[in-house]
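Protein chains in written order, with my numbering: chain A, 1 to 229; chain B, 230 to 477.
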Ligand SMILES: Nc1ncnc2c1ncn2[C@@H]1O[C@H](COP(=O)(O)OP(=O)(O)OP(=O)(O)O)[C@@H](O)[C@H]1O
Ligand SMILES: [Mg+2]
């Protein structure tokens, strides 16, 4: 059986002549595993997320070598919407991912695209709003929420899709301690359901729930041994 | 039945607006156009639009309207001259009439557009989708509605930043001012393009266009009042169209 995520000899640079952000990087994530990734600012964590989710090479130019396999299929051969049916990405910046007029529409957008029946969409919205503790904001305008609240909605929007693979790019950076604890509990529950997760974070406390923690440095991943550099 | 029609289905409002604006195009007779304008204003009031705001909008167009009347007068070689400056006929009765026609048409269309602003834009999109407009197209409209105000905001921000640095645009000669605007255009355009890219990525990462179909949490249903209003609009539309034909 193929692994949910398998990265083979991945190298990437945004432009010819620019620095190689990722160099011969390998990564395998098993089903039901939570992998944490840490690294210094600007080291390429978000870039790695873009590679894992197919945004690189589909959206950004740049030079990508090596391969990212999702359930055994190369990300080059899958379109972004197809990838999105099995993989959900929570972006680092919530401003770049919310576009609807109200929270309810925002959450419904994903499952609507997956042709989920109406009643089921309504049920999922209620469920994820309860998970992130934002029930009172169902009809609020996402643009008028605080940064942390928007981040919670961005997470909820991805949870609503019920993807098999979840990638969190510093999804907890603006969320308060209570929200983080809740979210971690949700992740553990999703893990029990067999979901695969990659979470990127600055804060090692958030990575307690990870099965293993890797450090990104010099364009590659190393097991975490207590220091970032 | 109450006369508060604020909760009309957006599709009903769309039909009313289509009727009114087609009438604006077809009617030639000034009195008929006035009647259509009156009807439009009534509809605006009943659907919960702001008449006050509308009138202040009208006021902004007064100069344009005067210009239209003068231009029509200058370029039509018929009718009696009402006002002449040197060799130029600034106002003729035919010109005045044609100018008034154009102005009334403008007013009707502007007022009719206000009716649509009383509907929630998400509902308008849903209405279009239920009318079998491809959803990609409908979403393009949503995104445009969503992001135009943001764009405007960004433009004002850049201008303010410029003014804070002591550049007084009003005092710069026009050519130089145009060049300053062109400097603003590039960063604005870049930020718009980046925003558009990020947005399309975010949408695709949530499976937008994964399948040729999609479901919808929201569903619009016509109420009895909608059917009533639609039938009434259609009848009035035909009556007025007939009147327009007879009077032309
Ligand atoms: N679109 C782009 N074009 C060119 N260079 C880029 C682009 N995006 C990022 N970079 C560069 O790639 C490097 C890695 O950026 P990336 O955003 O992946 O870092 P990060 O580890 O996520 O940082 P942070 O902790 O701040 O989120 C940075 O040096 C950045 O300047
Ligand atoms: Mg980052």
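Beta carbons are placed, not taken as given, at the ideal position from N, Cα and C, and that holds for glycine.
Please list the partners that residue 85 of chain A has in chain B, where partner means a Cβ-to-Cβ separation under 8 Å.
As a position in the first chain, residue 85 of chain A is number 85, starting the count at 1. Correct list: 436, 439.
In angstroms, rounded to a whole number, what distance separates the CA positions of residue 335 of chain B and residue 344 of chain B?
Here residue 335 of chain B is taken as the residue at index 106 of the second chain, counted from 1. Here residue 344 of chain B is taken as the residue at index 115 of the second chain, counted from 1. If I take the Cα positions, the gap works out to 15 Å.
heavy atom of ligand 2 below 7 Å from residue 92 of chain A C-beta:
Here residue 92 of chain A corresponds to residue number 92 of the first chain, with the count starting at 1. Checking the Cβ of residue 92 of chain A against ligand 2 gives yes.
Is residue 203 of chain A near ligand 2 - that is, is its Cβ less than 7 Å away from at least one heavy atom of it?
Walking along the first chain from the start, residue 203 of chain A turns up at place 203. No.
What are the partner residues of residue 12 of chain A, as DSSP defines its beta bridges?
On the first chain, position 12 is the one that residue 12 of chain A refers to. By DSSP's assignment, residue 12 of chain A forms a beta bridge with A/22, A/64.
Who are the neighbours of residue 428 of chain B on chain A, taking C-beta pairs under 9 Å?
If you number the second chain from 1, residue 428 of chain B lands on position 199. Ordered by position in chain A, the residues that pass the 9 Å Cβ test against residue 428 of chain B are 96, 97, 99.
Quick one: list the residues of chain A neighbouring residue 350 of chain B, beta-carbon separation under 9 Å, in chain order.
Translated into positions along the second chain, residue 350 of chain B becomes position 121. Within chain A, the residues near residue 350 of chain B are 101.
Check: residue 405 of chain B C-beta below 7 Å from any heavy atom of ligand 2
The residue you call residue 405 of chain B lines up with position 176 of the second chain. No - ligand 2 has no heavy atom lying nearer than 7 Å to the Cβ of residue 405 of chain B.
Bounding residues of the beta strand (DSSP E) (the contiguous stretch that carries residue 212 of chain A)
If you number the first chain from 1, residue 212 of chain A lands on position 212. From DSSP, the beta strand (DSSP E) with residue 212 of chain A extends over 212-217.
Output, in sequence order along the chain, the residues in the stretch 108-130 of chain A whose CB is closer than 7 Å to any CB in chain B.
Per Cβ criterion, the list reads 108, 109, 110, 112, 113, 114, 115, 116, 117, 118, 121, 122.
Using a Cβ-Cβ cutoff of less than 8 Å, which residues in the same chain neighbour residue 349 of chain B once the five nearest sequence positions on both sides are dropped?
In the second chain, the residue the question calls residue 349 of chain B occupies position 120. Excluding residues within five positions, the ones whose Cβ falls inside 8 Å are 239.
How about residue 339 of chain B and residue 286 of chain B: are their beta carbons less than 8 Å apart?
Residue numbering aside, residue 339 of chain B sits at position 110 when the second chain is read from its first letter. Residue numbering aside, residue 286 of chain B sits at position 57 when the second chain is read from its first letter. A contact, by the Cβ cut-off of 8 Å.
Is there a C-beta anywhere in chain A that falls below 8 Å from the one on residue 383 of chain B?
Position 154 of the second chain, counted from the start, is the residue given in the question as residue 383 of chain B. No - not a single Cβ of chain A is within 8 Å of the one on residue 383 of chain B.
Just to confirm, does residue 46 of chain A get its C-beta within under 7 Å of one of the non-hydrogen atoms of ligand 2?
Numbered from 1 along the first chain, position 46 holds the residue referred to as residue 46 of chain A. Residue 46 of chain A Cβ: within cutoff of ligand 2.
Please compile the residues from chain B whose C-beta is within a distance smaller than 9 Å of the C-beta of residue 91 of chain A.
The sequence position of residue 91 of chain A within the first chain is 91, counting from 1. Going along chain B in sequence order, the residues near residue 91 of chain A (Cβ under 9 Å) are 427, 430, 431, 434.
Would you list, in chain order, the members of the stretch 31-58 of chain A that have their beta-carbon closer than 7 Å to a beta-carbon of chain B?
Those residues of the stretch 31-58 of chain A that come within reach of chain B (Cβ to Cβ, closer than 7 Å) are 53, 55.
On a CA-only basis, which of B/337, B/386, B/467 is nearest residue 271 of chain B? Give me that one, please.
The residue given as residue 271 of chain B occupies position 42 in the second chain. The shortest Cα separation from residue 271 of chain B among B/337, B/386, B/467 belongs to B/337.
Is there at least one non-hydrogen atom of ligand 4 closer than 7 Å to the beta-carbon of residue 56 of chain A?
Ligand 4 is not part of this structure, which contains only ligand 1 and ligand 2.
Excluding five sequence neighbours on each side, which residues of the same chain lie with their C-beta closer than 7 Å to the C-beta of residue 222 of chain A?
Start at 1 with the first residue of the first chain, and residue 222 of chain A comes out as number 222. 214, 215.
Alpha-carbon spacing of residue 192 of chain A relative to residue 443 of chain B, whole angstroms
As a working note, residue 192 of chain A is residue 192 in the first chain. As a working note, residue 443 of chain B is residue 214 in the second chain. Those two C-alpha atoms are separated by around 30 Å.
Three Cβ pairs or more, each shorter than 8 Å: is that satisfied between the stretch 55-71 of chain A and the stretch 241-256 of chain B?
no
Which whole-angstrom value describes the C-beta separation of residue 319 of chain B and residue 325 of chain B, a residue pair presumed to lie in contact below a C-beta threshold of 8 Å?
For the purposes of this step, residue 319 of chain B is identified with residue 90 of the second chain, where counting begins at 1. For the purposes of this step, residue 325 of chain B is identified with residue 96 of the second chain, where counting begins at 1. So it is not a contact: roughly 10 Å between Cβ atoms.
Nearest-angstrom Cα distance between residue 306 of chain B and residue 321 of chain B?
Within the second chain, numbered from 1, the residue matching residue 306 of chain B stands at position 77. Within the second chain, numbered from 1, the residue matching residue 321 of chain B stands at position 92. Cα to Cα, the separation comes out at about 9 Å.
One question on the structure: do residue 168 of chain A and residue 59 of chain A come within less than 8 Å of each other, judged by their Cβ atoms?
Residue mapping note: residue 168 of chain A aligns to position 168 of the first chain, counting from 1. Residue mapping note: residue 59 of chain A aligns to position 59 of the first chain, counting from 1. No, the pair does not count as a contact, with Cβ atoms beyond the cut-off.
What does residue 359 of chain B reach in chain A if we use C-beta pairs closer than 7 Å?
By 1-based counting over the second chain, the position of residue 359 of chain B is 130. Those do not exist, as residue 359 of chain B stays about 13 Å from chain A at its closest Cβ, beyond 7 Å.
Under 8 Å between C-beta atoms, does residue 81 of chain A make it to chain B?
Start at 1 with the first residue of the first chain, and residue 81 of chain A comes out as number 81. Closer than 8 Å to some Cβ of chain B, the Cβ of residue 81 of chain A qualifies, so yes.
Closer than 7 Å by beta-carbon distance: list the chain B residues that pair up with residue 279 of chain A, in chain order.
Past the boundaries of the shown model lies residue 279 of chain A; chain A is included only from 1 to 229, so the question cannot be answered.
Residue 449 of chain B and residue 352 of chain B look like a contact to me (Cβ under 8 Å); what is the Cβ gap, rounded to whole Å?
The residue given as residue 449 of chain B occupies position 220 in the second chain. The residue given as residue 352 of chain B occupies position 123 in the second chain. Correct: roughly 7 Å between the Cβ atoms.
Sorted by chain position, which residues of the same chain lie with C-beta nearer than 8 Å to residue 158 of chain A's C-beta, five sequence neighbours on each side aside?
Taking the first chain and counting its residues from 1, one reaches residue 158 of chain A at position 158. Closer than 8 Å at Cβ, skipping near neighbours: 88, 89, 90, 110, 166.
So, is residue 206 of chain A buried or exposed, given that buried needs 16 or more other C-beta atoms within 10 angstroms?
For the purposes of this step, residue 206 of chain A is identified with residue 206 of the first chain, where counting begins at 1. The residue in question, residue 206 of chain A, is buried, as its Cβ has 16 or more Cβ neighbours within 10 Å.
State the Cα-Cα distance for the pair residue 451 of chain B and residue 44 of chain A, rounded to the nearest angstrom.
Locating residue 451 of chain B in the second chain gives position 222, where the first residue counts as 1. Locating residue 44 of chain A in the first chain gives position 44, where the first residue counts as 1. In this structure, the straight-line span from the alpha carbon of residue 451 of chain B to that of residue 44 of chain A is close to 53 Å.
Tell me the rounded alpha-carbon separation between residue 300 of chain B and residue 429 of chain B.
Numbered from 1 along the second chain, position 71 holds the residue referred to as residue 300 of chain B. Numbered from 1 along the second chain, position 200 holds the residue referred to as residue 429 of chain B. Going from the Cα of residue 300 of chain B to the Cα of residue 429 of chain B covers about 45 Å.
From the DSSP output, read off the bridge partner residues of residue 37 of chain A.
Here residue 37 of chain A is taken as the residue at index 37 of the first chain, counted from 1. Its beta-bridge partners are A/200, A/214.
Residue 157 of chain A: contacting residues in chain B (beta-carbon distance under 7 Å)
Walking along the first chain from the start, residue 157 of chain A turns up at place 157. Within 7 Å Cβ-Cβ: 435.
Give me whichever residues DSSP pairs with residue 168 of chain A in a beta bridge.
Locating residue 168 of chain A in the first chain gives position 168, where the first residue counts as 1. When beta bridges are read from the DSSP output, residue 168 of chain A appears opposite A/90, A/199.
Residue 230 of chain B burial status per 10 Å Cβ neighbour count (16 or more: buried):
For this step, residue 230 of chain B is matched to residue 1 along the second chain. Legend: pLDDT at residue 230 of chain B = 43, less than 50; position of this residue unreliable, value from coordinates given subsequently. The residue is exposed, with fewer than 16 neighbouring Cβ atoms inside 10 Å.
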